[in-house]
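Take the sequence shown: its position 103, counted from the start at 1, is 92 in the numbering used here, and no numbers get skipped. Structure record follows, encoded as structure tokens.
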Amino acid sequence: MTEALAPGAVIGILGGGQLGRMLSVAASRLGFRTHIFEPGAEPPAGHVADRVTTAGYDDEDALAAFAAAVDVITFEFENVPTAALDLLEAHRPIRPNRKALAVSQDRLAEKTFLSELGLTTAPFAAVDTPDDLREALGRIGTPAILKTRRFGYDGKGQARIMTPGDADKALVDMAGAPAVLEGFVDFTCEISVIGARSVSGQVTCFDPGQNVHRDGILHTTTVPAQVPATLILDAVLRTGDILNALEYVGVMGVELFVTSDGFVVNEIAPRVHNSGHWTQNGCVVDQFEQHIRAIAGWPLGDGARHSDVEMLNLIGDDVARIPEIATDPTNAIHLYGKADVKPGRKMGHVNQIIR
Ligand code: AMP
């Protein structure tokens, strides 16, 4: 533990949403302090952090002051502007590293990296012009999905192309942004692996969870996933390959489509992940503690699953069901302290212990 952060050290977190909030709670349980950098006012993480800087990612003075006030920097979302990262990295280590961020910020770089590692992805092609799209559709065929290369999340920045006649409208939906065409994967279910790697290169994964989406947003994650044990083992081992190839430090989410031939990697998220929230009540050490341990230079904890769990996201008005959900004493309730209820907004989640 030569590189381990000292007790009381300050962990800087870029982004003050629910992930930053739950990371702050985990950091404080391990004796660290946290400092949130977030452009928006009243961030959920601010309620439980030691300090909050409210400033934009283009505010160089605020970024430099933030970096000077922390010992290590991590993030709760992958779309931090490159210039801000350059400035921060000149002062303090950023964990996970820039390579992991660069790969996951751009769907083309991500798919290229994954296929070079020997993993199966959906067939893909870069699309910048109507000609590119015509050519890509000729090779990949329909149905297909056109996605913006950057800044997509929860199914945003995507257009389905069911027949070649949908192509023009799909391109208009990209609003001029560089895009990637992906062949449609005929999957039986979606699973995700939450993996972790420490500074010394130790690797571990939580049991893969099975995900159900509604309106493009994660609805439930259930563990164990109902897929063959050989596929689970393969998914876990391949997640280890991804973590090692990136010399990654921290927790990563890997989303996979399960098909009749095995699995296809959809995307990687270089951070704690919504589909890993079940670990809070299904494991001794959850994804948030695991991430803090990793970036603090600690050994990883035991993430073995002691309970089967269904995690249910509370989106928008779902949060009004809390009084009823609370009548079941086995429901572990996690709320994010967000005052405004908006459609599609993640307000909290419930971990229901199945057994
Ligand atoms: P993403 O933003 O890439 O995670 O996509 C959001 C959701 O759209 C996924 O969880 C899938 O349900 C669906 N989806 C995305 N890409 C594909 C694909 N190539 N084939 C089939 N479904 C997809």
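Where is the CB? At the ideal position from N, CA and C, for every residue including glycine.
{"Item": "First and last residue of the alpha helix (DSSP H) that includes V61?", "Value": "Not the alpha helix (DSSP H): V61 falls in the beta strand (DSSP E), residues V61 to F64."}
{"Item": "Give me the Cα-Cα distance between L324 and V308, rounded to the nearest whole angstrom.", "Value": "9 Å"}
{"Item": "Should M300 be labelled buried (16 or more other beta-carbon atoms within 10 Å of its own) or exposed?", "Value": "buried"}
{"Item": "Taking 7 Å as the cut-off, is the CB of V174 close to at least one heavy atom of the ligand AMP?", "Value": "yes"}
{"Item": "Are F113 and F176 touching if we call contact CB-CB under 8 Å?", "Value": "no"}
{"Item": "I'd like the ranges of any alpha helix (DSSP H) spanning at least 4 consecutive residues and lying wholly in the region 258 to 311.", "Value": "268 to 271 and 276 to 284"}
{"Item": "Which one or two residues does DSSP pair with S181 in a beta bridge?", "Value": "G198 and E244"}
{"Item": "For G239, which three-state DSSP category applies?", "Value": "strand"}
{"Item": "Taking Cβ to Cβ, would you say N345 is nearer than 8 Å to F140?", "Value": "The structure shown has nothing for residue 345, since the chain only spans -10 to 344."}
{"Item": "Leaving out five residues before and five after V339 in sequence, what residues of the same chain have Cβ atoms less than 6 Å from its Cβ?", "Value": "L301, I314, N320 and I322"}
{"Item": "Could you give the DSSP three-state label for R22: helix, strand or coil?", "Value": "strand"}
{"Item": "Taking the alpha-carbon of T137 as reference, which of T209, R96 and T152 has the nearest alpha-carbon?", "Value": "R96"}
{"Item": "What I want to know is whether the C-beta of G251 ends up closer than 7 Å to one or more non-hydrogen atoms of the ligand AMP.", "Value": "no"}
{"Item": "Below 8 Å between beta carbons: does that hold for F26 and A(-2)?", "Value": "no"}
{"Item": "Output needed for A185: all residues of its chain with C-beta closer than 6 Å, excluding positions within five of it in sequence on either side, in chain order.", "Value": "T193, V240, Q279, A283 and L289"}
{"Item": "Does the beta-carbon distance from I2 to A34 come in below 8 Å?", "Value": "yes"}
{"Item": "Please report how far the alpha carbon of P318 lies from the alpha carbon of V298, in whole angstroms.", "Value": "14 Å"}
{"Item": "Is the separation between the beta-carbon of G172 and that of I206 shorter than 8 Å?", "Value": "no"}
{"Item": "Let's see if you can read the secondary structure: which residues bound the beta strand (DSSP E) around N86?", "Value": "Run containing N86: none; DSSP gives neither H nor E here."}
{"Item": "Do N255 and the ligand AMP come close, with the Cβ less than 7 Å from some heavy atom?", "Value": "yes"}
{"Item": "Compute the Euclidean distance between the alpha carbons of H262 and A156, then round it to the nearest angstrom.", "Value": "32 Å"}
{"Item": "Mapping the DSSP letters down to three states, classify I150 as helix, strand or coil.", "Value": "strand"}
{"Item": "Which of helix, strand or coil does DSSP assign to Q7?", "Value": "helix"}
{"Item": "Starting from the C-beta of A159, find all residues in its chain whose C-beta is less than 7 Å away, skip the five residues before and the five after it, and write them out in chain order.", "Value": "L135, A148 and I150"}
{"Item": "Would you kindly check if the distance between the Cβ of R87 and the Cβ of L76 is under 8 Å?", "Value": "no"}
{"Item": "So, for T209: in the same chain, excluding its five sequence neighbours on each side, which residues have a beta-carbon less than 8 Å away from its beta-carbon?", "Value": "N200, V201, E299, M300, L301 and N302"}
{"Item": "Looking only at DSSP bridge pairs, what is I349 linked to?", "Value": "This structure does not reach residue 349, given that the chain is present from -10 up to 344, and the question cannot be answered."}
{"Item": "At a threshold of 7 Å, does A111 count as lining the ligand AMP (C-beta to nearest heavy atom)?", "Value": "yes"}
{"Item": "According to the Cβ coordinates, are G242 and I183 closer than 8 Å?", "Value": "yes"}
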